[in-house]
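284 is the number of the first residue of the sequence shown in the working numbering; add one for each residue after it. Heads up, the beta-carbon is just placed ideally off N, CA and C, and yes, glycines get one too. Single-structure report; data block below.
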Amino acid sequence: MSLPTSDVLRAAALRLTRFPSAPASAGPVAVAVSGGADSVYLLCALWADEALRPRLCVLHFDHRVRGETSAEDARFVSALCAALGVRCVQGLREGQGGASEADLRSARDTFFAEQRQAVGFELLCTAHHLDDVAENALLRLARGAGLAGLAAPRVLQDFRDGHRRWRPLIEAGIAKSALLSALRAAGIPWREDATNMLPIAARNRIRAWLAEGGEAALGVGYADGFARSARIIGEAQAALADWAHELGCVISAAGTMPVGALKGRPVALAQECLREFLHHQGLIDPSLKSLLPLTAAIVGGGNAQSAVRGVVVRVKGGELSVLTEAPSFGSDERRLLVGSPDDECGLLAEIVEVDAALWASLSRGDISPAKEVYVAAPAAALGWRGRSEGDRYQPLGSPGSAKLSDLLINRKIPSERREALPVVLVGGEILWVPGLPPAESARLACPTKGALRLTWLGPCLG
284 MSLPTSDVLR AAALRLTRFP SAPASAGPVA VAVSGGADSV YLLCALWADE ALRPRLCVLH
344 FDHRVRGETS AEDARFVSAL CAALGVRCVQ GLREGQGGAS EADLRSARDT FFAEQRQAVG
404 FELLCTAHHL DDVAENALLR LARGAGLAGL AAPRVLQDFR DGHRRWRPLI EAGIAKSALL
464 SALRAAGIPW REDATNMLPI AARNRIRAWL AEGGEAALGV GYADGFARSA RIIGEAQAAL
524 ADWAHELGCV ISAAGTMPVG ALKGRPVALA QECLREFLHH QGLIDPSLKS LLPLTAAIVG
584 GGNAQSAVRG VVVRVKGGEL SVLTEAPSFG SDERRLLVGS PDDECGLLAE IVEVDAALWA
644 SLSRGDISPA KEVYVAAPAA ALGWRGRSEG DRYQPLGSPG SAKLSDLLIN RKIPSERREA
704 LPVVLVGGEI LWVPGLPPAE SARLACPTKG ALRLTWLGPC LG
């Protein structure tokens, strides 16, 4: 569907539901626009506000995942902005092809940070809506998230670098179905991202599940209920965070957090501080088992340390810190159980179905092996250990075997991270090391119902 003329598009934009007044901010108001329906609606509805219109600056980031289709998205956004008379700044990811959700998000956030300096905005608008709130809640509940995770995405969120993100679709109570209907009625086109329909990402699978029977199981308008609960949880989390800061539990420039003032305080307060500290360290969705000794030490005024997603966290002398030296796993093999994260090594093994769509995506190389791989291997024979001298294996697609140390160097994995990487084994042979392709011997030959998915939950390897 091609763009209508500028006059027609502008008239159509004025027909969309107006948002509440934008939060106070200085300088331009940035708008993240992918070209999809959500962000197109966001931009057009913001443009309809005459006071806000001259301040708008669109940011479009080309992830370069879908080849020419991604480039077409960029051209569409550029044409849309030209028709509305809005400034548009575009960015490109350095690499091409598939990558993990975390890597794509990191590249996009880096672009936003660069443009914050170049453009000078304090407020960034994103197109999250009520359906996103429901999807997030289900995903985070399944992972055992804390209050901050369950409250996301918030209507207004403050970031450490001083900018804020505003999500007016959530504030206005707009769901996906409503915005699609409004765009169709107004004759405003948008771009479709076919990868959103693939069952690769957990969020896509949740979205499909809700679309098939969400209203039948939970009732019409269930997303409104999720949004109300998220707001209540967010208010409770903010209250605990304010209390902790009043007690001096603030992350220092060195990355540590004083927690001595929490001795004898409620466990919920200690957990909030601990989760804030872990989030600062890039350790997301820790297991309850890994948190228990740390929480007990904080409330009891003692000392403890625990492995969290492959990183050792310590409470000592009333201070939270992360051990800077990389953990040494040693050469003893440990069993890797299926279905729950292993906090010592940061690995998660799951039995999944690789259907035709996912198989096609894997065949194209859309999924980076840095943090996630799909293999054909017996789950009962899984194990892991640290690196050993002389380790070698044949990576997927390679003509022969190579030294593990050489492979890690060639992939430019930082030296300080190499020793902290677990070596996944099957029957004693190397199956995978995070950051590298899996073993050729475990190659999937076709769509498979009982495939093994291995996920690295540890810190970014970049």
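Proximal residues to residue i (C-beta, below 7 angstroms), its chain only, five neighbours per side dropped
| i | result |
| --- | --- |
| Arg298 | Ala469 |
| Ala309 | Glu405 |
| Leu335 | Ala305, Val312 and Leu329 |
Proximity below 8 angstroms, CB of residue i to CB of residue j
| i | j | result |
| --- | --- | --- |
| Cys556 | Ala527 | yes |
| His446 | Phe404 | yes |
| Gly593 | Gly538 | no |
| Ala250 | Gln554 | Residue 250 lies beyond the residue range present for the chain, which begins at 284 and ends at 745; the question has no answer from this structure. |
| Arg668 | Ser611 | no |
| Arg597 | Gly666 | no |
| Leu737 | Val707 | yes |
| Val348 | Asp568 | no |
| Ala366 | Leu286 | yes |
| Leu523 | Leu545 | no |
Other residues of its chain near residue i: CB distance less than 6 angstroms, five sequence neighbours each side excluded
| i | result |
| --- | --- |
| Pro730 | Val637, Asp638, Ala639 and Trp642 |
| Ala295 | Ala469, Gly470 and Ile471 |
| Ala506 | Leu413, Asp414, Ala417 and Ala458 |
Endpoints, beta strand (DSSP E) assigned at residue i
| i | result |
| --- | --- |
| Trp715 | Glu712 to Trp715 |
| Val291 | From DSSP, Val291 is part of no beta strand (DSSP E) but of the alpha helix (DSSP H) over Ser289 to Ala296. |
| Arg668 | Leu665 to Arg668 |
| Val323 | Per DSSP, Val323 belongs to no beta strand (DSSP E); it is in the alpha helix (DSSP H), Ala320 to Trp330. |
| Ala315 | Val312 to Ala315 |
Residues that DSSP places opposite residue i in a beta bridge
| i | result |
| --- | --- |
| Gly374 | Phe344 |
| Ile634 | Leu735 |
| Trp449 | Cys408 and Leu439 |
| Ala587 | Val598 |
| Leu603 | Met540 and Val598 |
| Pro678 | Ala722 |
| Leu708 | Gly666 and Ile713 |
| Glu655 | Thr738 |
Close Cβ partners of residue i (< 8 angstroms) along its chain, the five nearest in sequence each way excluded
| i | result |
| --- | --- |
| Gly680 | Pro720 and Glu723 |
Inter-residue spacing [alpha-carbon to alpha-carbon] between residue i and residue j
| i | j | result |
| --- | --- | --- |
| Leu561 | Leu740 | 13 angstroms |
| Ala660 | Ala734 | 7 angstroms |
| Ala428 | Val314 | 28 angstroms |
| Ser573 | Asp626 | 7 angstroms |
| Pro337 | Ser322 | 18 angstroms |
| Arg675 | Leu620 | 24 angstroms |
| Ala357 | Val656 | 30 angstroms |
| Gly543 | Arg388 | 35 angstroms |
| Ser671 | Val595 | 21 angstroms |
| Val582 | Leu566 | 21 angstroms |
| Ala663 | Lys732 | 16 angstroms |
| Leu339 | Gly456 | 22 angstroms |
Where the alpha helix (DSSP H) through residue i begins and ends
| i | result |
| --- | --- |
| Ser573 | Leu571 to Gly583 |
| Asp554 | For the sequence presented, residue 554 should be read as Gln rather than Asp. First-last of the alpha helix (DSSP H) with Gln554: Val550 to His563. |
| Glu529 | Tyr505 to Glu529 |
| Glu699 | Ser698 to Arg701 |
| Ala747 | Given that the chain is displayed from residue 284 to residue 745, the structure contains no residue 747 and the question cannot be resolved. |
Contact test: residue i Cβ vs the ligand ADP heavy atom, cutoff 7 angstroms
| i | result |
| --- | --- |
| Arg293 | Questions concerning the ligand ADP fall outside what the structure shown contains, since it holds no ligand whatsoever. |
Interface flag, residue i vs chain B, CB-CB below 8 angstroms
| i | result |
| --- | --- |
| Val438 | In the displayed structure, chain B is absent; only one protein chain is listed. |
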